[in-house]
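First up is the structure itself, then whatever we jot down about it.
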Ligand SMILES: [Zn+2]
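Residue numbers (mature numbering (1 follows the signal peptide of the UniProt record, and there is no 0)): -21 to -1, 1 to 254.
Okay, structure coming up:
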């Protein structure tokens, strides 16, 4: 991506920041949907004015005193499951990466059709694949936080949850220049601690609407069918670009993405406005 295009994407993210101002005092009603971002490049990467110092690793003794920024995010009781729209807009999300074996193929297809998606990355994967993380950001995709080691957060102490998530915020910001605005708990396992830590670190929790079950390697056709059958306005699709053999996920995208576009869907990323 050219510097110019990168600057455009950053500019769009800053527009997102302006849009979210004044909305942060809204109550976080559970189960509410996110608003779609159209055009798709307007990622919410900079949706909150969060300085790195708000999530830098702090001494263990500091964990009990969360940063109380004015207008901080409300602590939700449920993750966001879908976008709030009646338009034919759909979100594609890819978890557990980046992985040099599969992420490049997904990025190539998304680039070919000029659409933006969400990548919920793990810190330990990002650490070894920073070029791929930068490539995601340069292409205008939204990078979300999926913890450092992909643990079952509901079995962990609050300080351990914070360590997993905060470290991952840090590597995303250090590598791409933007902190993540979204996070997704591994295995979809959320609890009060997880929601609270995410909110403290300036991120909204996003789950999914349609699970392709691609992690079970059910066959490319099965993944395509899951997207085809699940497609509806505001749907968030879950797939994976790492964590096992994801060649079926890469191949399926090459079929279902043009199908979605041909049937009138726009593939977009959510923005945090009014969530
Ligand atoms: Zn995962």
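From the three backbone atoms N, C-alpha and C, an ideal C-beta is built for every residue, glycine too.
Could you tell me if the beta carbon of residue i falls within a distance shorter than 7 Å of some heavy atom in ligand 1?
{"i": "residue 75", "result": "yes"}
{"i": "residue 165", "result": "yes"}
{"i": "residue 120", "result": "no"}
Pull the bridge partners of residue i from the DSSP assignment, please.
{"i": "residue 255", "result": "There is no way to answer for residue 255, as the model of the chain reaches only from -21 to 254."}
{"i": "residue 97", "result": "72, 121"}
{"i": "residue 59", "result": "185"}
{"i": "residue 215", "result": "70"}
{"i": "residue 14", "result": "250"}
{"i": "residue 162", "result": "124, 184"}
{"i": "residue 190", "result": "217"}
Distance check for residue j and residue i, CA to CA, integer angstroms please.
{"i": "residue 157", "j": "residue 151", "result": "7 Å"}
{"i": "residue 108", "j": "residue 76", "result": "9 Å"}
{"i": "residue 223", "j": "residue 90", "result": "23 Å"}
{"i": "residue 111", "j": "residue 57", "result": "31 Å"}
{"i": "residue 242", "j": "residue 180", "result": "38 Å"}
{"i": "residue 269", "j": "residue 232", "result": "No information on residue 269 is available, as it lies outside the stretch -21 to 254 that the chain covers here."}
{"i": "residue 5", "j": "residue 228", "result": "The predicted model places residue 5 with a pLDDT of 32, which falls under 50 and marks its position as unreliable; any figure quoted below should be read in that light. Distance between the alpha carbons of residue 5 and residue 228 is about 37 Å."}
{"i": "residue 195", "j": "residue 60", "result": "22 Å"}
{"i": "residue 14", "j": "residue 203", "result": "25 Å"}
{"i": "residue 103", "j": "residue 127", "result": "5 Å"}
{"i": "residue 162", "j": "residue 234", "result": "28 Å"}
{"i": "residue 66", "j": "residue 78", "result": "33 Å"}
{"i": "residue 201", "j": "residue 106", "result": "32 Å"}
{"i": "residue 24", "j": "residue 176", "result": "With a pLDDT of only 41 at residue 24, under the threshold of 50, the placement of this residue in the model should not be trusted, and no figure is reported."}
{"i": "residue 206", "j": "residue 216", "result": "7 Å"}
{"i": "residue 239", "j": "residue 52", "result": "33 Å"}
{"i": "residue 220", "j": "residue 54", "result": "29 Å"}
{"i": "residue 160", "j": "residue 182", "result": "5 Å"}
{"i": "residue 12", "j": "residue 62", "result": "5 Å"}
{"i": "residue 251", "j": "residue 88", "result": "26 Å"}
{"i": "residue 140", "j": "residue 178", "result": "13 Å"}
{"i": "residue 130", "j": "residue 138", "result": "14 Å"}
{"i": "residue 64", "j": "residue 116", "result": "25 Å"}
{"i": "residue 208", "j": "residue 149", "result": "37 Å"}
By alpha-carbon positions, which one of the options ends up nearest to residue i?
{"i": "residue 248", "options": "120, 127, 60", "result": "120"}
{"i": "residue 118", "options": "212, 245, 178, 83", "result": "83"}
{"i": "residue 245", "options": "226, 124, 213", "result": "213"}
{"i": "residue 124", "options": "239, 236, 173", "result": "173"}
{"i": "residue 198", "options": "140, 122, 230, 161", "result": "230"}
{"i": "residue 191", "options": "210, 178, 182", "result": "210"}
{"i": "residue 164", "options": "113, 63, 100, 115", "result": "100"}
{"i": "residue 236", "options": "218, 116, 251", "result": "218"}
{"i": "residue 226", "options": "12, 208, 193", "result": "193"}
{"i": "residue 113", "options": "140, 154, 149", "result": "154"}
{"i": "residue 122", "options": "98, 130, 129", "result": "98"}
Flag residue i as yes if its beta-carbon sits less than 8 Å from any beta-carbon of chain B, otherwise no.
{"i": "residue 193", "result": "No chain B is present in this structure, which holds just one protein chain."}
For residue i, is the beta carbon positioned less than 7 Å from some heavy atom of ligand 3?
{"i": "residue 228", "result": "Summarising the ligand content, the structure contains ligand 1 and does not contain ligand 3."}
- With a cut-off of 8 Å, do at least 3 Cβ pairs link the region 62 to 82 to the region 94 to 103? Contact between the region 62 to 82 and the region 94 to 103 is present, because at least three Cβ pairs lie under 8 Å.
- Item | contact_flag[the region 157 to 175, the region 127 to 146] where n(CB pairs < 8 Å) is 3 or more | With a cut-off of 8 Å, the region 127 to 146 and the region 157 to 175 count as touching, because enough Cβ pairs lie within range.
- Message: With three or more C-beta pairs closer than 8 Å as the rule, is the region 142 to 150 touching the region 184 to 198?
- Response: Contact fails between the region 184 to 198 and the region 142 to 150, because fewer than three Cβ pairs, one in each stretch, are under 8 Å apart.
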